[in-house]
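Letter by letter, the sequence shown follows residues 632 to 779 in the numbering used here.
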Amino acid sequence: MKKKNFILKVTLIHVVTYIVCGMLSMTLFDYQSSIEQIGMRDTNSLIVGLAPLFQIFRGFLFGIVLWMIRDVFISKKNGWLMIWIIILILGVFNTPATAPCSIEYFIYCEPVSGAAKVVFGGLIEILIQTFLFSIISFYAIKHGEKRA
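Shown next as structure tokens:
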């Protein structure tokens, strides 16, 4: 598969899984009633509404990184699991930012009353989204490799 097609496919899969999982999670976990308590923007704000557009860039970055390490996972039976574990370790739990559910968050952030629903919901959301992203990307990439 050509680099451009690879990155485009990964970007599209990221954007779609992000939007679907985000919309479901906002409804299931009622983020709107809790996010203000932890300093997040209102879900009705313009920039939050533009979040899917920002995901195009994030998906592009995922595509670049996965392109660079494709030889590590593409030939493996459970290559999707390698992708998922890499994303979870580097992007969720071990990120140097104080993002919820990261090691840094638990070190530097004080628990906020009512924030547990957002943190727990966010963790469930990110686990499901990255899981779906990893599986769908792996099989889409692998299928593209066979056709090339």
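Idealized CB from N, CA, C, for every residue including glycine.
query                                                                                                                                               : result
Hey, how far is the Cα of I638 from the Cα of Q760?                                                                                                 : 18 Å
Which residues in the same chain have their Cβ closer than 8 Å to the Cβ of F762, if we skip the five residues on either side of it in sequence?    : W715
Report the start-end ranges of each alpha helix (DSSP H) in the segment 647-726 that is 4 residues or longer and not cut off at the edges.          : 677-680, 682-704 and 710-717
In or out: Q663 buried (at least 16 other Cβ within 10 Å) or exposed?                                                                               : exposed
Between T658, G670, F769 and M671, which lies nearest to K708 when the distance is taken from Cα to Cα?                                             : F769
Measuring CA to CA, which of I705, L681, I738 and K640 is closest to F691?                                                                          : K640
Measure how close the beta-carbons of I705 and I772 come, nearest whole angstrom, since I'm counting them as under 8 Å.                             : 6 Å
Is the separation between the beta-carbon of S665 and that of A746 shorter than 8 Å?                                                                : yes
What residues in its chain sit with their C-beta under 8 Å from that of G722, if we drop five residues either side in the sequence?                 : T761
Mind the definition here: the segment 730-737 touches the segment 645-653 only if three or more C-beta pairs lie below 8 Å; say whether that holds. : no
For P727, is the beta carbon positioned less than 7 Å from some heavy atom of the ligand GTP?                                                       : Absent from the structure shown: the ligand GTP. Ligands present: none.
Work out the CA separation of L677 and A730 for me, nearest whole Å.                                                                                : 22 Å
Work out the CA separation of T726 and F751 for me, nearest whole Å.                                                                                : 17 Å
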